[in-house]
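Enquirer: Here you go, one structure.
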Amino acid sequence: MAIAIRPLGEHVGAEATGVDVRAIGPAETERLLDALTRHGVLVLRDQTMTPDDLVAFGRRFGPVEYGVREDYQLPENKDVYVISNIVENGRPLGNPNDGFAWHTDLSFLEHPTAYTFLYAIECPPEGAQTEFASAFRTYDALDAQERARLDAMRVLHSYDMLHKTRKWAAPLSEDQKAKFPDVVHPMVRTHPVTGRKSVYLGPNTSLPIGMGEAEGAALIAELMDRTTDPRHVHAHDWRPGDLVVWDNRGMVHRATEYDKARYRRLMHRVTVRGERPF
Ligand code: OGA
Ligand code: MN
Numbered sequence: 489m490a491i492a493i494r495p496l497g498e499h500v501g502a503e504a505t506g507v508d509v510r511a512i513g514p515a516e517t518e519r520l521l522d523a524l525t526r527h528g529v530l531v532l533r534d535q536t537m538t539p540d541d542l543v544a545f546g547r548r549f550g551p552v553e554y555g556v557r558e559d560y561q562l563p564e565n566k567d568v569y570v571i572s573n574i575v576e577n578g579r580p581l582g583n584p585n586d587g588f589a590w591h592t593d594l595s596f597l598e599h600p601t602a603y604t605f606l607y608a609i610e611c612p613p614e615g616a617q618t619e620f621a622s623a624f625r626t627y628d629a630l631d632a633q634e635r636a637r638l639d640a641m642r643v644l645h646s647y648d649m650l651h652k653t654r655k656w657a658a659p660l661s662e663d664q665k666a667k668f669p670d671v672v673h674p675m676v677r678t679h680p681v682t683g684r685k686s687v688y689l690g691p692n693t694s695l696p697i698g699m700g701e702a703e704g705a706a707l708i709a710e711l712m713d714r715t716t717d718p719r720h721v722h723a724h725d726w727r728p729g730d731l732v733v734w735d736n737r738g739m740v741h742r743a744t745e746y747d748k749a750r751y752r753r754l755m756h757r758v759t760v761r762g763e764r765p766f
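Residues 489 to 766 (the numbering used here) make up the sequence shown, in order.
As C-alpha cells, this is what we get:
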C-alpha cells in the first residue's frame, strides 16, 4: 500500500491517501497513527466500511469503549454509536442534537476518549461540517504568568452538568448519575506520545476547582474562544465514504448546523479509550 500524507493546515489536519482501511496491517497502522499524532486530525476518503470494519479499524488504535448513550447504539453492533436526524418507523436512528458546541469527547470519564472515528454514510450537500482546532496552539501562546496559573489548575468535569444543558431530555436517573460520577482532570494536559501540552477543554460544562461558577465558566469560554480563533480552524466538508479520525488529547471540535428538515445525515462513530489525563 503506497500511503501518502498531506497536511491540510498549519496547526490541524492531514489527509492520508492510498489507504484501504480494511486491508491495512501493523506497519500501515503505525504510519497512520504517527500522522494522527502529528496533525491531530486524519482524513481518509473513499472508504467502504461495514460497522464491523469500522470497529476493527478502531481496535487497532486501542480499546473501543461501549457507547455512553445506549439509546443511540447501532442495534447490530453496539460498539458503533449513530449520529443522525433520520427517523425510521418512529425510531430515531441516531442522536441528532449533540456536538454543536466546541468540545472534546467524553471528558467527563475518568479515562476520556483518545481517538474518535467518524464515518459518513449519508451527508447533506451543504452545512453539517465538522470543525477542528488545536488546543496545543492555545497553550503555546500563553504568557509565563498564565501558564503558571493554568499549570496548577484542576477542573471538575461533570456528565450531570452536561446533561442538564440538554433541555429536551429527561433528567438523569440516580442510576445514570452513579454510572458517570464527576471527575477532576488537570487544566493542562500532556500528550502521552509527544509530551506536548495543551489546555484540556471539555464542553462548557466543566468547572475549575476553587472558582465560582460564573468566573469558572468565563475562563473556560475565554480559553475556548482563543482555541477556536476562526483563522486557525479546519473545517471538514463531508462526502459519503469519508472517515475522519481525531485525537482528543489536544484537539477540540464541533458539528455545524444543517437544514434537518431538508437533508439526511447518517454517521457511524467509534471511540477508543485513552489514559487518565496528566
Ligand atoms: C462526535 C462529534 C461532530 C459531527 O462524533 O463526537 O462531535 O459533525 N461529531 O457530527
Ligand atoms: Mn464530539
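Just so you know, even glycine gets a beta-carbon here, dropped at the ideal spot from N, CA and C.
Would you say P600 and G762 are within 8 Å of each other, going by their C-beta atoms?
Expert: In the sequence shown, counting from the first residue as 1, residue 600 sits at position 112. In the sequence shown, counting from the first residue as 1, residue 762 sits at position 274. A contact, by the Cβ cut-off of 8 Å.
Enquirer: I'd like to confirm something about G528: is its beta-carbon nearer than 7 Å to some heavy atom of the ligand MN, or not?
Expert: Start at 1 with the first residue of the sequence shown, and residue 528 comes out as number 40. Result no, Cβ not under 7 Å from the ligand MN.
Enquirer: Specify, as a first and last residue, the run of the alpha helix (DSSP H) that D717 falls within.
Expert: Here residue 717 refers to the residue found at position 229 when the sequence shown is read from its first residue. Per DSSP, D717 belongs to no alpha helix (DSSP H) and is neither H nor E.
Enquirer: Around the C-beta of N736, are 16 or more other C-beta atoms found within 10 angstroms, so that it is buried, or is it exposed?
Expert: Counted from its first residue, the sequence shown places residue 736 at position 248. It is buried - the Cβ of N736 has at least 16 other Cβ atoms within 10 Å.
Enquirer: My guess is that R757 and T604 are in contact by the Cβ rule of under 8 Å, so how many angstroms apart are they, rounded?
Expert: Taking the sequence shown and counting its residues from 1, one reaches residue 757 at position 269. Taking the sequence shown and counting its residues from 1, one reaches residue 604 at position 116. Their Cβ separation, rounded to whole angstroms, is 7 Å, which keeps R757 and T604 in contact under 8 Å.
Enquirer: Any chance the CB of T604 is under 7 Å from a heavy atom of the ligand MN?
Expert: The residue labelled residue 604 in the question sits at position 116 within the sequence shown. Checking every heavy atom of the ligand MN against the Cβ of T604, one is found closer than 7 Å.
Enquirer: Pull up the CB-CB distance for H645 and H673, whole angstroms please, since I reckon it's below 8 Å.
Expert: As a first step, residue 645 must be located in the sequence shown, where it is residue number 157. As a first step, residue 673 must be located in the sequence shown, where it is residue number 185. Indeed, because the Cβ distance is near 6 Å, the residues count as touching under 8 Å.
Enquirer: Within the structure, which residues are defined as neighbours of the ligand MN by a Cβ-heavy atom distance below 6 Å, reported in chain order?
Expert: Going along the chain, the residues that qualify are G587, H591, D593, H741.
Enquirer: Out of curiosity, what's the CA-to-CA distance linking N565 and G546?
Expert: Counted from its first residue, the sequence shown places residue 565 at position 77. Counted from its first residue, the sequence shown places residue 546 at position 58. Cα to Cα, N565 sits roughly 13 Å from G546.
Enquirer: Could you work out which residue in V500, G506, G501 is closest to A492 when comparing CA atoms only?
Expert: Within the sequence shown, the letter at position 4 stands for residue 492. Closest option to A492, Cα to Cα, is G506.
Enquirer: Taking the straight line between their C-alpha atoms, what separation do you get for A616 and T744?
Expert: Here residue 616 refers to the residue found at position 128 when the sequence shown is read from its first residue. Here residue 744 refers to the residue found at position 256 when the sequence shown is read from its first residue. If I take the Cα positions, the gap works out to 5 Å.
Enquirer: Comparing C-alpha positions only, which one of W734, T759, R714, V529 sits nearest to L630?
Expert: Position 142 of the sequence shown, counted from the start, is the residue given in the question as residue 630. Cα-wise, what sits closest to L630 is R714.
Enquirer: Under three-state DSSP, which class holds R510?
Expert: As a position in the sequence shown, residue 510 is number 22, starting the count at 1. Three-state DSSP puts R510 in a helix.
Enquirer: Considering V543, what are the terminal residues of the alpha helix (DSSP H) in which it resides?
Expert: Numbered from its first residue, the sequence shown carries residue 543 at position 55. 539–547 is the extent of the alpha helix (DSSP H) around V543.
Enquirer: With hydrogens ignored, establish whether the beta-carbon of I697 is closer than 7 Å to any heavy atom of the ligand OGA.
Expert: Walking along the sequence shown from the start, residue 697 turns up at place 209. Result no, Cβ not under 7 Å from the ligand OGA.
Enquirer: To which residues does DSSP link S622 through a beta bridge?
Expert: Numbered from its first residue, the sequence shown carries residue 622 at position 134. Partner(s): M739.
Enquirer: In whole angstroms, what separates the C-alpha of G684 from that of F624?
Expert: Translated into the one-based positions of the sequence shown, residue 684 becomes position 196. Translated into the one-based positions of the sequence shown, residue 624 becomes position 136. Residue 684 is actually Arg in this sequence, not Gly. In a straight line, the C-alpha of R684 is about 7 Å away from that of F624.
Enquirer: What does the Cβ neighbour count give for I697, buried or exposed, with the cut at 16 atoms within 10 Å?
Expert: Within the sequence shown, numbered from 1, the residue matching residue 697 stands at position 209. It is exposed - the Cβ of I697 has fewer than 16 other Cβ atoms within 10 Å.
Enquirer: Skipping 5 residues on each side, what residues in its chain have a beta carbon closer than 6 Å to that of P613?
Expert: Along the sequence shown, one-based indexing puts residue 613 at 125. Answer for P613: no residue qualifies.
Enquirer: Would you check if there are 3 or more beta carbon pairs closer than 8 Å linking the stretch 566–581 to the stretch 697–707?
Expert: Cβ pair count under 8 Å is below three, so no.
Enquirer: Residue range of the beta strand (DSSP E) that H756 falls in?
Expert: As a position in the sequence shown, residue 756 is number 268, starting the count at 1. It spans 754–761 - the beta strand (DSSP E) in which H756 sits, taken as one unbroken run.
Enquirer: Assuming E662 is part of the alpha helix (DSSP H), what are its boundary residues?
Expert: Residue mapping note: residue 662 aligns to position 174 of the sequence shown, counting from 1. Taken as a continuous stretch (DSSP letters only), the alpha helix (DSSP H) holding E662 covers 662–667.
Enquirer: Less than 8 Å separating the beta-carbons of D559 and T759?
Expert: On the sequence shown, residue 559 is found 71 positions in, with the first residue counted as 1. On the sequence shown, residue 759 is found 271 positions in, with the first residue counted as 1. Going by C-beta atoms, D559 is not nearer than 8 Å to T759.
Enquirer: Out of P659, V531, E619, state which residue places its alpha-carbon closest to the alpha-carbon of V721.
Expert: The sequence position of residue 721 within the sequence shown is 233, counting from 1. Ranking the options by Cα distance to V721, first place goes to E619.
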